[in-house]
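Read the structure below first, then the notes.
Protein chains: 2
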Amino acid sequence: MKILALVFDEYETLDLHGPIGVLGHMENVDIKLVGDKAMVTCAHGPRVVTDMDLEDTYPCDLFIIPGGLGTRKLVDDKKLLSWLYQQAKVSEKVFSVCTGAALLARAGILDGVSATTNKMAYQWVTSLSNKVNWQPSARWVDDGKFLTSSGVSAGIDTALFYIQQIRGKGEAKCIEHNTEYSWNDDSSNDPYAFQAVAE
Amino acid sequence: MKILALVFDEYETLDLHGPIGVLGHMENVDIKLVGDKAMVTCAHGPRVVTDMDLEDTYPCDLFIIPGGLGTRKLVDDKKLLSWLYQQAKVSEKVFSVCTGAALLARAGILDGVSATTNKMAYQWVTSLSNKVNWQPSARWVDDGKFLTSSGVSAGIDTALFYIQQIRGKGEAKCIEHNTEYSWNDDSSNDPYAFQAVAE
Numbered sequence: 001m002k003i004l005a006l007v008f009d010e011y012e013t014l015d016l017h018g019p020i021g022v023l024g025h026m027e028n029v030d031i032k033l034v035g036d037k038a039m040v041t042c043a044h045g046p047r048v049v050t051d052m053d054l055e056d057t058y059p060c061d062l063f064i065i066p067g068g069l070g071t072r073k074l075v076d077d078k079k080l081l082s083w084l085y086q087q088a089k090v091s092e093k094v095f096s097v098c099t100g101a102a103l104l105a106r107a108g109i110l111d112g113v114s115a116t117t118n119k120m121a122y123q124w125v126t127s128l129s130n131k132v133n134w135q136p137s138a139r140w141v142d143d144g145k146f147l148t149s150s151g152v153s154a155g156i157d158t159a160l161f162y163i164q165q166i167r168g169k170g171e172a173k174c175i176e177h178n179t180e181y182s183w184n185d186d187s188s189n190d191p192y193a194f195q196a197v198a199e
Numbered sequence: 001m002k003i004l005a006l007v008f009d010e011y012e013t014l015d016l017h018g019p020i021g022v023l024g025h026m027e028n029v030d031i032k033l034v035g036d037k038a039m040v041t042c043a044h045g046p047r048v049v050t051d052m053d054l055e056d057t058y059p060c061d062l063f064i065i066p067g068g069l070g071t072r073k074l075v076d077d078k079k080l081l082s083w084l085y086q087q088a089k090v091s092e093k094v095f096s097v098c099t100g101a102a103l104l105a106r107a108g109i110l111d112g113v114s115a116t117t118n119k120m121a122y123q124w125v126t127s128l129s130n131k132v133n134w135q136p137s138a139r140w141v142d143d144g145k146f147l148t149s150s151g152v153s154a155g156i157d158t159a160l161f162y163i164q165q166i167r168g169k170g171e172a173k174c175i176e177h178n179t180e181y182s183w184n185d186d187s188s189n190d191p192y193a194f195q196a197v198a199e
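Residue numbers (the UniProt record's numbering), protein chains in the order written: chain A, 1 to 199; chain B, 1 to 199.
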């Protein structure tokens with residue numbers, strides 16, 4: 001099983017490493033990082049090494065797009081958005097965490113799709129595309145090929161849902177146990193649901 | 001504020017990046033990685049870059065020691081254990097996650113200290129030292145200079161506790177909110193408490 005994750009400067013730490021920390025507990029899984037340079041610095045200092053660049057696409061089972069402050073610049077990066085569009089095509093499932101959905105929305109990948117995102121950045125992300133069926137209250141949204149998570153730590157709950165979907169509830173519960181995690185396994189239980197403020 | 005984290009091949013992803021993902025939300029914090037080579041591979045594939053090697057010690061406010069399968073070899077690595085002992089001396093607070101406590105215990109750093117560890121690996125870790133006051137039921141244990149966490153995801157709860165300790169409950173709750181996390185803020189609430197099996 002092949003998993004690819006996009007990385008870029010100022011990606012949010014848990015958006016990426018949260019899902020990897022549970023997905024990596026599955027057997028026979030190969031996780032690679034892709035980015036536009038050899039080394040990428042997360043929002044909190046540490047650097048990761050990329051396994052491939054944005055020149056080619058990589059057919060995979062799961063393609064992860066984290067969020068973070070770095071997405072604020074990248075929503076105007078035409079080269080990246082064009083690559084994202086092509087990479088989504090060769091990915092069995094596309095999984096955004098937090099404001100990673102902003103990149104997918106801007107690339108037109110989520111047109112007509114039900115999706116969610118970080119609730120603290122909800123107004124910004126949803127302003128980027130009116131063709132997405134944005135969900136203000138959902139820990140994650142699973143719409144066919146597209147799996148979109150709420151902010152930061154929600155990516156862990158969503159990754160466990162994905163494990164359940166492809167490998168069964170037993171394996172997801174086993175990984176929850178082995179990581180001593182308390183899984184919020186109900187996508188409709190969103191403690192941070194977006195509340196529009198009356199003007 | 002200076003934070004240093006040890007990395008080694010096969011460190012557990014969330015043991016390291018979970019705490020960093022919340023600690024990094026504090027203002028004026030500088031997080032660096034230390035290891036015995038330039039690049040280190042986590043248990044799930046991705047590689048991180050170290051900022052410094054084990055030749056010198058680095059006075060810091062918080063020194064993080066993650067666990068993971070890599071600790072099984074490292075408990076016999078005398079050079080590392082000796083460096084750990086010296087590094088602990090120049091660290092204001094020493095924070096292990098999961099089986100990171102195995103390394104501290106073997107280095108003699110936890111002698112006379114109350115501590116906990118991963119409950120799935122509890123028998124192995126506690127067998128390494130009978131001078132530690134091991135706690136079979138605790139999400140984390142805070143004993144003066146030493147903060148030891150249960151397995152994997154417990155490190156996030158423990159890191160939020162540390163933020164509360166040094167910056168106040170308000171800042172910890174704010175970071176919980178910004179990471180859309182559900183903090184288990186009660187150290188005595190251990191869903192994975194070790195149960196000794198009757199023989």
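Just so it is clear, CB atoms sit at the ideal spot from N, CA and C, and this is done for glycine as well. In this text the structure is predicted, and so the values were computed from the model without any measurement.
Segment limits, alpha helix (DSSP H) that includes residue i
i	result
residue 124(B)	122-127
residue 203(A)	This structure does not reach residue 203(A), given that chain A is present from 1 up to 199, and the question cannot be answered.
residue 139(B)	Element bounds for residue 139(B): n/a, residue is neither H nor E.
residue 20(B)	13-23
residue 102(A)	100-106
residue 147(A)	Unbroken run through residue 147(A) is the beta strand (DSSP E), 146-149; no alpha helix (DSSP H).
residue 96(A)	Premise fails: residue 96(A) lies in the beta strand (DSSP E), 91-96, not in any alpha helix (DSSP H).
residue 73(B)	71-74
Extent of the continuous beta strand (DSSP E) to which residue i belongs
i	result
residue 161(A)	That residue, residue 161(A), is in no beta strand (DSSP E); its alpha helix (DSSP H) goes 154-167.
residue 62(B)	60-65
residue 5(B)	2-6
residue 33(A)	30-34
residue 49(A)	47-49
Cβ of residue i within 8 Å of any chain A Cβ
i	result
residue 20(B)	yes
residue 48(B)	yes
residue 14(B)	yes
residue 180(B)	yes
residue 199(B)	Because residue 199(B) sits at a pLDDT of 45, beneath the cut-off of 50, its placement in the model cannot be relied upon, and the point is left open.
residue 66(B)	no
residue 186(B)	no
residue 101(B)	no
residue 141(B)	no
residue 79(B)	no
residue 107(B)	no
residue 52(B)	no
residue 35(B)	no
Nearest-angstrom Cα separation, counted from residue j out to residue i
i	j	result
residue 187(B)	residue 156(B)	12 Å
residue 54(B)	residue 173(B)	35 Å
residue 192(B)	residue 60(B)	31 Å
residue 171(A)	residue 90(B)	42 Å
residue 195(B)	residue 111(B)	23 Å
residue 141(A)	residue 86(A)	22 Å
residue 162(A)	residue 12(A)	20 Å
residue 57(B)	residue 165(B)	25 Å
residue 184(A)	residue 152(B)	17 Å
residue 76(A)	residue 45(B)	30 Å
residue 23(B)	residue 14(A)	11 Å
residue 41(A)	residue 97(A)	18 Å
residue 160(B)	residue 25(B)	10 Å
residue 154(A)	residue 20(A)	13 Å
residue 8(A)	residue 32(A)	14 Å
residue 147(B)	residue 100(B)	11 Å
residue 47(A)	residue 48(B)	6 Å
Below-8 Å beta-carbon distance, residue i vs any chain B residue
i	result
residue 31(A)	yes
residue 24(A)	yes
residue 28(A)	no
residue 192(A)	yes
residue 1(A)	no
residue 43(A)	yes
residue 154(A)	yes
residue 170(A)	no
With 16 other Cβ atoms within 10 Å as the buried cut-off, status of residue i
i	result
residue 38(A)	exposed
residue 52(A)	exposed
residue 176(B)	buried
residue 109(A)	buried
residue 207(A)	Here chain A has residues from 1 to 199 only, and residue 207(A) is not among them.
residue 135(B)	buried
residue 149(B)	buried
residue 130(B)	exposed
residue 127(B)	exposed
residue 27(B)	exposed
residue 144(B)	exposed
residue 168(B)	exposed
Residue i: CB within 7 Å of a non-hydrogen atom of the ligand NAD
i	result
residue 155(A)	No copy of the ligand NAD appears in this structure; indeed no ligand is present at all.
* Say whether the stretch 119-139 of chain B touches the stretch 79-93 of chain B, bearing in mind that this needs 3 or more beta-carbon pairs closer than 8 Å, one atom from each stretch. => Three or more beta-carbon pairs separated by less than 8 Å are not found between the stretch 119-139 of chain B and the stretch 79-93 of chain B, which leaves the two stretches without contact.
* To do: Determine, using beta-carbon pairs with one atom in the stretch 1-19 of chain B and one in the stretch 63-71 of chain A, whether at least three such pairs fall under 8 Å.
  => In short, these stretches do not touch, since the Cβ pair count stays below three.
* Asked: At a cut of 8 Å, does the stretch 74-89 of chain A reach the stretch 65-76 of chain B through at least three beta carbon pairs?
  -> As far as the Cβ criterion goes, the stretch 74-89 of chain A does not touch the stretch 65-76 of chain B, which means the pair count is below three.
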